[in-house]
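When the letters of the sequence shown are read in order and numbered with mature numbering (1 follows the signal peptide of the UniProt record, and there is no 0), they come out as residues -26 to -1, 1 to 753.
Note that beta-carbon positions come from the ideal geometry of N, C-alpha and C, so glycine has one too.
Read the structure below first, then the notes.
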Amino acid sequence: MKQLPRLLSSTLLALSGLQAVQHAGAAELLAAAGAASAWQYLDAGKPAAPDWNSASADMAAAGWKTGAAPLGYGRTDSANTTVSFGAAPEAKPITTYFRRTVNVADPAQVALLTLDLRRDDGAVVYWNGVEIQRSNMPPGPVGARTTALKAIDGYGEIEYRRHLAPAAALPIRKGANVLAVEIHQSGPTSSDIVFDLEVRAYAPGETPPADLYPDTYAALAEGNADKALNLLLRLDPARAGYAQLAMAGASALLAGGGSARDPRYVRLLDRTRAAAPDDMAVVHAWIRARVAARKDLPIRPAPRPLPAAIAEQWRFIADTPERTGGPMLRRADLLADVDDLELILENCYSYLERRGADYRGALDALRASITTDLNADTFAHRVGRVLSVFGDPHSRVQRISEPRAAVRFVMDGERVAALKYDRSALLDPAHPYVAAINGLPVARWLAAAEAVVEQASPQYRRVLALEQLRRLGMVARQLQQPGGAFELTLASSDGTEARLPVALERSNPPAPPQWPAGESALRADNLGYLRLASMEHGPAMVKQIDGWMEKFSGTHGLIVDVRGNGGGTVDAIQTLLPWLMKPGDPMKIINVAAYRMPLALPEPNRGGFLGMEGRGLYPAGSPVWTAEEAQQVRAFLAGWQPAWQPPAGKFSDWHVMAVRPGDGAHGVYGKPVIVLLDESSFSATDTFLGALKGHPNVTLMGMASGGGSGRMADYTLPHSRLQMQLCQMASFTSTGQLYDGKGVQPDVAMPARLSDQLSGGGDSVLDAAAARLLKTTLR
């Protein structure tokens, strides 16, 4: 599948007035595209009855489900309803079936139908059982195993192709008519399907307007974004697929070197939001464009006099890195950028008030530190120090790379131990512990390192500080100590000492890419071991988890290991959790969040703000829910209380992430499960753990996770061009606990031993988990 251009950077400008459009002639909308239409569908390779495309009866009893358009799988940015391909990702069913009824008041007043069809890959469309359109399909009879002529990729995946169907050739009935579509894959390994359809009826004497869509698609395919933009400004925004095409055109313009200052560009984005006010991607782009232009932001920070001196608590902000570069920037421009940073923080940042941090004091310290012109690296370094006070490790600027020791510092209880960076051995096997650095107790060095990292949960702050401690020159500056040479004082358990000089390097030496280093396996003791070292996205992750769960079906128990997993996407929990749920169970709500609204919308956005890019969070009014699911979400939220209440008027309605049980395509794993976690389990891994915490038959074992759950947005300060990321949402567990600053607590606390940190040194936590499972299942 060819990827479309990624949409909209932080350089977008604000939107301006609408351009007048010549709309289509009067036509009756029989079937709307998008979420306004609900379709019945038969998925997962189930066979359709011979009269599936003509029977007037409701098909629910025959296994048909109902969902809002677009429908499909494999494209989380395209489908309001995800259909199933069954249990075998490499042997997906070729055909998926869709149908709905269409009401016609007076067939005599219908002379022509226009069908705007989005299909990936091929489709056949029927009206009361009669074929009226065939797209990307071979001629002749069509069966469940008939493949599409070719795979659809690129802009073809968002195209709504128009077909004209004269009514004289159709069996149009007064009242209910059956509109049916079968979507065919090009092959069983195809990664995705998508389906949507809009149908309009024209009366005798009416004709549809000239359709400029084919020319627009062709211009985009040819790389002529300028021509496409001009065509888009002439197109009717009410035409099916306008929003998708307009967003692709906007992205292509910027990717091809076009300017966001082009008046045509801002008019296009404004028209697109008006055409699709419930489309998350469209509304988000519209908001981001206005934020990029600093337009319509409701909070305008009041100027304050600079402090005469930098308070001791903020002295760390004024630090200057050892080696810096980048252009020299004028002091006046940098101070203007600090003002802009305050504007963005107060209007856009979700965790501004969470910890009660004196961010204005930190910003004033940053201003006071700019006494002369500075180079870009020093300014970026100091802005990063300001962001650290919020305790949000997701929000950051590009860090300055400082020299570091080729040593790995780890905790063994309350003592700091030193390992070779590749984990092959202790730095000094006879003296494993660090007592001092350059004669100062190591506790002072560790405290200094903790003072300059993100003020996150205590356990994750310690993880960050141990890594920061390797940058001995930086920590020495914080301690106001000389930093030319460094010597570790190492100690044994009985107190004998040895001294070891350490050099600082510009880059890290080779090391294991993940830790612990195990791989998923069916163990000799008949336990399953599922190792998830990262939360990857896409079919490969789904295939990996489903494949191993099939192999583990006869095991005594399962160990899921997410230690050291720094996050990624939520694909893993959305794949694994259905294995631990029974068919027919209610969906399980696993995450609740709210979006930080930088400005008010002209009208509500029913689709929400946090469902893009696989995030999977939607408000109760979203079309992704069935009526029963929407009621479950509303009932849940009515009794749900967050541990921290986001400030009123600044956030969206609550969004939830929920996982549905399996549809019977794969089995249910009912044996005991132990999930191993540690302080480095972070971000999407926190969400994974929060979903499994308290789940029947599941025990969390190890140490509390890092604590973080972010939806990021990019920002650029206008003069320095400094780019930064800030979190846009406040995220909670289903029990109301914040992820950030807390993490997920284990049910059974068990720290790793020092030997566990070494290659070949064993894994006491894994051994304890296996012993616990075998004791439970074999007694």
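Item, Value
"Span of the beta strand (DSSP E) holding HIS137?", "135 to 140"
"Could you tell me the boundaries of the beta strand (DSSP E) in which ASN151 lies?", "149 to 158"
"Taking THR55 as the reference, which of SER11, HIS137, PHE610, ARG695 has the closest Cα?", "SER11"
"Using CA coordinates, which residue listed in GLY676, ARG370, GLN433 is at the minimum distance from LEU740?", "GLY676"
"Can you find the residues in the same chain that come closer than 6 Å, C-beta to C-beta, to TYR592, ignoring five residues on each side of it along the sequence?", "GLY582, GLY585, VAL598, HIS629"
"Going by C-alpha distance, which of GLN455, GLN442, LEU401, ALA604 is nearest PRO475?", "LEU401"
"Mapping DSSP to helix, strand and coil, what is residue 787?", "This structure cannot settle anything about residue 787, because the visible part of the chain is limited to -26 through 753."
"Pull up the DSSP beta-bridge partners for VAL630, would you.", "VAL566, TYR592"
"Report the start-end ranges of each alpha helix (DSSP H) in the stretch 406 to 440 that is 4 residues or longer and not cut off at the edges.", "416 to 426"
"Which stretch, first to last residue, makes up the alpha helix (DSSP H) that contains ARG247?", "237 to 249"
"With a cut-off of 8 Å on the beta carbons, I'd call ARG136 and ASP90 a contact; round off their distance for me.", "5 Å"
"Taking the alpha-carbon positions, what's the VAL312 to LEU420 distance?", "30 Å"
"Taking contact to mean at least 3 C-beta pairs separated by less than 8 Å, is the stretch 709 to 717 in contact with the stretch 466 to 482?", "no"
"Pull up the distance between the alpha-carbon of LEU666 and that of GLN548, whole angstroms please.", "11 Å"
"Shortest alpha-carbon distance to residue 798 belongs to which of LEU138, PHE706, LEU315?", "The first residue shown for the chain is -26 and the last is 753, placing residue 798 beyond what the model contains."
"Taking 7 Å as the threshold (C-beta atoms), are MET561 and ARG634 in contact?", "yes"
"Does the stretch 84 to 100 touch the stretch 213 to 232, meaning 3 or more C-beta pairs lie closer than 8 Å?", "yes"
"Taking 8 Å as the limit between beta carbons, can you name the residues of its chain near GLN(-5), skipping five residues before and five after?", "Confidence in GLN(-5) is poor, its pLDDT being 31 and thus under 50, which makes the residue's placement too unreliable to answer from."
"I'd like to check one pair, ALA507 with ASN539: are the Cβ atoms closer than 7 Å?", "yes"
"By the 10 Å Cβ neighbour count, where 16 or more other Cβ atoms means buried, how is ILE157 classified, buried or exposed?", "buried"
"Let me check understanding here. Comparing Cα to Cα, which of ALA34, LEU242, PRO616, ILE132 lies closest to ALA195?", "ILE132"
"What residue range is occupied by the uninterrupted alpha helix (DSSP H) comprising ARG356?", "350 to 362"
"Is the CB-CB distance between ASP351 and GLY299 below 7 Å?", "yes"
"State buried or exposed for MET302, treating a residue as buried only when at least 16 other CB atoms are found within 10 Å of its CB.", "exposed"
"Taking all protein chains shown into account, decide if ASN482 is buried (16 or more other Cβ within 10 angstroms of its Cβ) or exposed.", "exposed"
"Excluding the 5 residues flanking SER705 on each side, which residues of the same chain have their C-beta closer than 6 Å to its C-beta?", "ALA567, SER683, TYR713"
"Here's the rule I'm using: 16 or more other beta-carbon atoms within 10 Å means buried, otherwise exposed. How should LEU86 be labelled?", "buried"
"Is it the case that the Cβ atoms of PRO145 and ASN77 are separated by a distance below 7 Å?", "no"
"Return the chain-ordered list of same chain residues with a C-beta closer than 6 Å to the C-beta of ALA(-3), the five sequence neighbours on each side being excluded.", "Because ALA(-3) sits at a pLDDT of 39, beneath the cut-off of 50, its placement in the model cannot be relied upon, and the following sentence gives the value as read from the coordinates. For ALA(-3), where only same-chain residues beyond five positions count, the Cβ hits under 6 Å are PRO183, ASP210."
"Is the beta carbon of LEU509 sitting closer than 7 Å to the one on THR463?", "Contrary to the premise, residue 509 reads as Met rather than Leu in this sequence. Their beta carbons are not under 7 Å apart, which means MET509 does not touch THR463 by this criterion."
"Do you know how far the Cα of ALA391 is from the Cα of ASN412?", "16 Å"
"Name the two residues that bound the continuous beta strand (DSSP E) containing ARG389.", "389 to 394"
"What is the rounded straight-line gap between the Cα of ALA678 and the Cα of ASN321?", "32 Å"
"Drop a sphere of 10 angstroms on the beta-carbon of ASP366, count the other beta-carbons inside from all chains shown, and report buried for 16 or more, exposed for fewer.", "buried"
"Any idea which residues DSSP pairs VAL647 with across the strands?", "LEU532, VAL672"
"Specify, as a first and last residue, the run of the beta strand (DSSP E) that GLU105 falls within.", "104 to 109"
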